[in-house]
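Below is one structure; the comments refer to it alone.
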Amino acid sequence: MNRRTLLAATTAVTIPIAGCLDDGRGTDDGTDANEELSSPVDRSPPFDIRTVDAPGSEAGTVQIPREGRVMLINFTRMFCPTSQGFLADISEAVVSLRRRDVDVVSVIDRSVGPQPSPEELADWWRKHDGNWTIGMDERGLLNDHYEVSGFPVAIAIDGTGETHWRTDGPTTANNIVSGVEAALEAQSRAE
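Just so you know, full-length UniProt numbering puts 2 at position 2 of the sequence shown, and the rest follows in order with no gaps.
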């Protein structure tokens, strides 16, 4: 193999990797390595995501999906520069979407990677100018259901949980809004 062929092969492998990958601490069957084997886990929607008290967010839970509601869900990581940079585009889209009947939620998967306390997550949210609901997927069930393995990912779902738009990696605020509009149209047709 000559140098040019090797360089081309290496480039082909490295270019598609954008964002932050999962750290692989989960088990082969998709369960968390720390999860107790004796406790059965319902892996079907709807999922209750723990939310924290932070700008634009209240402590409690949010159900995903919510019947009759379109949701924009941003799967993010605390120490992923790509995820952090993408928050600015989500924020810009949120401004446009506030006039629409849409729930916006950013979710941290606590089953792998950093496991912030609610206070640590709230501090991180303030530092990154978050101003919508932020929650923690304690067992990674939401991430598993929507097949999230790298970050950031954003999806627009209808009230049944069906995905009408998805981006694996950052995109523009306009693309986000267009994706949510597609979910709103689908929800409207279903009603």
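Cβ coordinates follow ideal geometry from the N, Cα and C atoms, glycine included.
The model shown is predicted, which means the values in this text are computed figures rather than measured ones.
Applying the criterion that 16 or more other CB atoms from any shown protein chain within 10 Å of the CB defines a buried residue, is residue i buried or exposed?
i, result
"Thr172", "exposed"
"Asn137", "Sequence inspection shows Asp at residue 137; the Asn mentioned does not correspond to that position. That one is buried."
"Ser106", "buried"
"Ala54", "buried"
"Asp101", "exposed"
"Val41", "exposed"
"Asp123", "exposed"
"Asn174", "exposed"
"Arg189", "exposed"
"Asp129", "exposed"
"Arg99", "exposed"
If you drop the 5 nearest sequence neighbours on each side, which residues of the same chain put their C-beta closer than 8 Å to that of residue i?
i, result
"Gly85", "Pro170"
"Asp29", "Confidence at Asp29 is low in this model, with a pLDDT of 40, below 50, so its placement is unreliable and no value can be given for it."
"Asn131", "Pro55, Gly56, Ser91 and Val94"
"Leu121", "Val52, Ala54, Met78, Ile108, Ile134 and Met136"
"Arg126", "Ala54 and Pro55"
"Gln63", "Pro46, Phe47, Asp48 and Ile49"
"Ala59", "Thr51, Val52, Asp53 and Pro118"
Got a sec? Which residues, its chain only, sit under 7 Å from residue i by beta carbon, not counting five neighbours each side?
i, result
"Val177", "Ala93, Ser96 and Leu97"
"Phe79", "Pro114"
"Thr160", "Pro65"
"Thr61", "Asp48, Ile49, Arg50 and Thr51"
"Leu142", "Phe47, Ile49, Ile64 and Val107"
By Cβ distance, which residues of its chain are closer than 6 Å to residue i, with the 5 residues on each side in sequence left out?
i, result
"Ser57", "Thr51, Thr133 and Ile134"
"Ile90", "Asn74"
"Ala156", "Leu72, His164, Trp165, Gly179, Val180 and Ala183"
"Glu185", "none"
"Leu87", "His128"
"Thr167", "Ala154"
"Glu191", "none"
"Glu119", "none"
Rounded to whole angstroms, how far is the Cβ of residue i from the Cβ of residue j, which I believe are closer than 8 Å?
i, j, result
"Leu72", "Val153", "Leu72 to Val153, Cβ: 11 Å. No contact."
"Phe75", "Phe151", "6 Å"
"Gly140", "Asp109", "5 Å"
"Gln187", "Val70", "5 Å"
So with Cβ pairs under 8 Å, would you call residue i a contact of chain B?
i, result
"Pro118", "The chain labelled as chain B is not found in the depicted structure, where only one protein chain is given."
- Task: Counting only runs of 4+ residues fully inside the stretch 78 to 125, write out the alpha helix (DSSP H) ranges in chain order.
- Result: Counting whole runs of 4 or more residues, the stretch 78 to 125 contains the alpha helix (DSSP H) stretches 81 to 97.
- Message: Threshold first: 3 residues or longer. Then list the beta strand (DSSP E) segments lying entirely within the stretch 47 to 79, N to C.
- Response: When DSSP assignments are scanned along the stretch 47 to 79, the uninterrupted stretches of beta strand (DSSP E) that are 3 or more residues long and fall wholly within it turn out to be 47 to 51, 60 to 64 and 70 to 76.
- Unbroken beta strand (DSSP E) runs of length 3 or more, entirely within the stretch 122 to 181: which are they? DSSP runs (the beta strand (DSSP E)) wholly in the stretch 122 to 181: 133 to 137, 153 to 157 and 163 to 168.
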